[in-house]
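Asker: Can you read through this structure? Questions will come right after.
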Amino acid sequence: MAQPSSSQAIATLYQEQSSWLKNWLQNRLGCSQQAADLAQDAFVRLLRRDAPMGDQPRALLTHIAKGLLVDHWRHQAVEKAYLEAIVHLPDDEVPSPEHSLIIIEALVRIDAMLDTLPAQTRELFLLAQLDGLTLKQISQQTGTPVITVRRHIQRALMACMALV
Amino acid sequence: MTQETSIPPAVLQQAADWAITLTYDQPGAGQQQAFEQWLQQSELHRQAWARAQSVLATFGQVPDDIGRRVIKHDQRRQQRRQTLQLLSAMLLAPPAAWLAYRSEYLAGWRADLRTATGEQKRLHLPDGSVLALNTASALDVDFTDQQRRLNLLQGELMLTSVKTKVPLPPLQVATRAGVAEALGTRFSVRVLDSGLFRVAVFEDAVRITANSGRMLVVEQGWRADFSATDIQPAIPLNAHADLWEKGMWIVDNLPLQLVLQELSRYRPGLLRCDPAAASMPVSGTLSLRDTDAALHHLADTLNLRINRISPYWTTVSPL
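Top line first, the protein sequences correspond to chains A and B.
Under the working numbering, the residues of the first sequence are numbered -5 to 158, in order.
Under the working numbering, the residues of the second sequence are numbered 195 to 513, in order.
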């Protein structure tokens, strides 16, 4: 069971630290509105944690905030890349706005999954998953034995499975 | 999402193996049957399989050609992962005193700077220069005792340098196609597309050296475009060409399509122009910091309809 009045502890922490955290984020985001949003998210995440806060609340908040920053930048980068990608499409092939949102969210998840992989593993996995090559074709194309290709792809898949 | 029951790694591995066999390999009929038997064997097998399918389904939500473009483009971003070490304090610090500058400068000062779409930033570099970043820009700053170099990767910057009593290494903006060296105090460099760059000089002069070795000195009041091989002749700058630093744009008789193209640099998402309105002439002052206001101004003066399909999708058409 959580410590008694742990939500009180967080409320106090919020009062003491929220403007510090917002400034910390604003220095990195350059935007006060985004900083306020992420600062809120950080406290929400803190609330959701089941573990006690420990005696380094600021360090903990910073740790959470860094994770949120990475997510935020990832989302921005993916969205920008997506918009650049569909610019090339003829008008009738451009996905609808609702569909675009779904695709962007999927791409963000994929980007996070791929992030955890070493370069060669990622390459081989993408040859199979994005370019649609069979193991045999990948092996021919890269000069890597089929068994090695399979091993890398298995590693990639399992890393991705750990995140879904 | 977190799973309540913990699936043993061996089972996850089996599920991954089956996913590979059935998706990326050429399974025979016997294997299909063997898979179904494996799947029926236990609830854990089914859960593991569901996870594997979840991964593939995520990819499946993305149309192939889009996925290829976005994911391959995105992987190049890996190198800029060091941007997490933004020098936050430096970004907002006032100009360093001359003595303080010397010690920072000799130690080497590096930063990765970027702005999001629609964002502008202004900061002081260790030598007292003022750097302004326009929308959607990315650059590396690399100051050492041999050089003062900015590597412009994306977007647009304005550099206003200071005249120092002590001679300093040359101040340069490097691009993929060549280098623009400050021979004076105020100029901008902009990425037009991946191989083409524009230098505009507002005070004194700038020397452009393209990768091919071609050189051109551009004087105050002029601009020139350059690529790796070639430098175009300089042409006079429009008055107010540096007003973007103040978040404004004075348009002088440009077709609407070009105006929207430029506005879309400052606006996340898509801004599309109906072909029926594309050639309507536009003149006036537009806000670059509040592109919604700019669009409304255009709508009022030209009788246009602004259709906001989503926060990231706007189209402009005749009424």
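Ideal Cβ positions, reconstructed from N, Cα and C, are used throughout, including at glycine.
Which residues in the same chain as B/T485 place their Cβ atom closer than 6 Å to its Cβ, once the five residues preceding and following it in sequence are excluded?
Answerer: Contacts found: L457, Y460, R461.
Asker: Are B/L327 and B/L347 close, meaning C-beta to C-beta below 9 Å?
Answerer: In this structure, B/L347 does not lie closer than 9 Å to B/L327 by Cβ.
Asker: So for B/I503, helix, strand or coil by DSSP?
Answerer: The answer is strand: DSSP assigns B/I503 an E or B state.
Asker: Express the C-alpha separation of A/L129 and B/L450 in angstroms, rounding to a whole number.
Answerer: Rounded to the nearest angstrom, the two C-alpha atoms are 51 Å apart.
Asker: Look up B/G372 in the DSSP assignment and say whether it is helix, strand or coil.
Answerer: Strand.
Asker: Assuming B/Y218 and A/A122 form a contact by the criterion Cβ under 8 Å, report the distance between their Cβ atoms to the nearest whole angstrom.
Answerer: The Cβ separation is near 5 Å, so the contact holds.
Asker: Checking contacts by CB at 9 Å: is B/R370 closer than that to chain A?
Answerer: So, not an interface residue.
Asker: Give me the subset of the region 141 to 154 of chain A whose CB atoms are less than 8 Å from a CB atom of chain B, sorted by chain position.
Answerer: Residues R144, I147, Q148, L151, M152, C154.
Asker: Helix, strand or coil for B/C467? Go by DSSP, reduced to three states.
Answerer: Note: B/C467 maps to strand in three-state DSSP.
Asker: Given a cut-off of 9 Å on the beta-carbon distance, is the pair B/T329 and B/G312 in contact?
Answerer: Taking 9 Å as the Cβ cut-off, B/T329 and B/G312 qualify as a contacting pair.
Asker: Taking 9 Å as the threshold (beta carbon to beta carbon), is B/V335 in contact with chain A?
Answerer: B/V335 does not count as touching chain A.
Asker: Check for me: the alpha helix (DSSP H) holding A/A30 runs from which residue to which?
Answerer: Run containing A/A30: 26 to 42, per the alpha helix (DSSP H) assignment.
Asker: Could you check the C-alpha separation between A/A148 and A/L111 for me, to the nearest Å?
Answerer: Looking at the sequence provided, one finds Gln at residue 148 of chain A rather than Ala. Those two C-alpha atoms are separated by around 12 Å.
Asker: Give me the DSSP bridge partner(s) of B/D387.
Answerer: According to DSSP, which records beta bridges pairwise, B/D387 is partnered with B/L390.
Asker: Is A/I97 helix, strand or coil by DSSP?
Answerer: In this structure, A/I97 counts as helix in the three-state DSSP scheme.
Asker: For B/V205, which residues in the same chain have their Cβ closer than 7 Å to its Cβ, ignoring the five residues on either side in sequence?
Answerer: Taken in chain order, the residues that qualify are L238, H239, A242.
Asker: Return the residue from the list A/W18, A/A100, A/V72 that minimises the CA-CA distance to A/K60.
Answerer: That would be A/W18, whose Cα lies nearest to the Cα of A/K60.
Asker: Can you tell me the Cβ-Cβ gap for B/S477 and B/N447, rounded? I've got them flagged as a contact below 8 Å.
Answerer: Their Cβ separation, rounded to whole angstroms, is 5 Å, which keeps B/S477 and B/N447 in contact under 8 Å.
Asker: Report yes or no: is there a C-beta of chain A within less than 9 Å of the C-beta of B/Q255?
Answerer: Yes - at least one Cβ of chain A is within 9 Å of the one on B/Q255.
Asker: Quick one, which of A/A36, A/A79, A/P46, A/S94 has its alpha-carbon nearest B/A504's?
Answerer: For the record, residue 504 of chain B in the displayed sequence is Ser; it is not Ala. Of the listed residues, the one whose Cα sits closest to B/S504 is A/S94.
Asker: Jot down the residue ranges of each uninterrupted beta strand (DSSP E) in the region 300 to 369 of chain B, minimum 3 residues, whole runs only, in chain order.
Answerer: Correct list: 303 to 308, 315 to 318, 324 to 327, 332 to 337, 342 to 348, 350 to 354, 365 to 368.
Asker: By DSSP's criteria, B/W416 is part of a beta bridge. Which residues make up the other side?
Answerer: In the DSSP output, where bridge partners are listed per residue, B/W416 has B/P430.
Asker: Measure the C-alpha to C-alpha separation of B/D258 and B/Q455 and round it to an integer number of angstroms.
Answerer: Looking at the two C-alpha atoms, the distance is approximately 27 Å.
Asker: So with Cβ pairs under 9 Å, would you call B/L250 a contact of chain A?
Answerer: Yes, B/L250 counts as interfacial toward chain A.
Asker: Based on Cα-Cα distance, which residue from B/A371, B/E375, B/F381 lies nearest to B/F391?
Answerer: Comparing Cα-Cα distances from B/F391 to each of B/A371, B/E375, B/F381, the minimum goes to B/A371.
Asker: Exposed or buried, what is A/V81 when buried is set at 16 or more other beta-carbons lying within 10 Å of its beta-carbon?
Answerer: Exposed.
Asker: Rounded to whole angstroms, how far is the Cβ of A/L101 from the Cβ of B/V264, which I believe are closer than 8 Å?
Answerer: With 8 Å as the limit, A/L101 and B/V264 qualify as a contact, their Cβ atoms being about 6 Å apart.
Asker: Taking all protein chains shown into account, do 16 or more other C-beta atoms lie within 10 angstroms of the C-beta of A/R43, making it buried, or fewer, making it exposed?
Answerer: The residue is exposed, with fewer than 16 neighbouring Cβ atoms inside 10 Å.
Asker: Determine the closest residue to B/D321 out of B/L362, B/D468, B/G349, with distance taken between C-alpha atoms.
Answerer: Cα-wise, what sits closest to B/D321 is B/L362.
Asker: Could you give the first and the last residue of the continuous beta strand (DSSP E) run that contains B/L448?
Answerer: Here the beta strand (DSSP E) through B/L448 covers 442 to 449.
Asker: Among B/V453, B/V383, B/G222, which has the Cα closest to the Cα of B/M352?
Answerer: When only C-alpha atoms are compared, the closest one is B/V383.
Asker: Using the beta-carbon count (16 or more within 10 Å), is B/D424 buried or exposed?
Answerer: Exposed is the call here.
Asker: Distance check for B/Q226 and B/Q220, CA to CA, integer angstroms please.
Answerer: Cα to Cα, B/Q220 sits roughly 11 Å from B/Q226.
Asker: Does the region 410 to 426 of chain B come close enough to the region 436 to 446 of chain B that 3 or more CB-CB pairs lie under 8 Å?
Answerer: Too few Cβ pairs lie closer than 8 Å, so no.
Asker: At a CB-CB cut-off below 7 Å, which residues of chain A make contact with B/S481?
Answerer: Here the premise fails: no neighbours, minimum Cβ distance about 17 Å.
Asker: Rounded to a whole number of angstroms, what is the C-alpha to C-alpha distance between B/W416 and B/T479?
Answerer: If you take the alpha carbons of B/W416 and B/T479, they lie about 22 Å apart.
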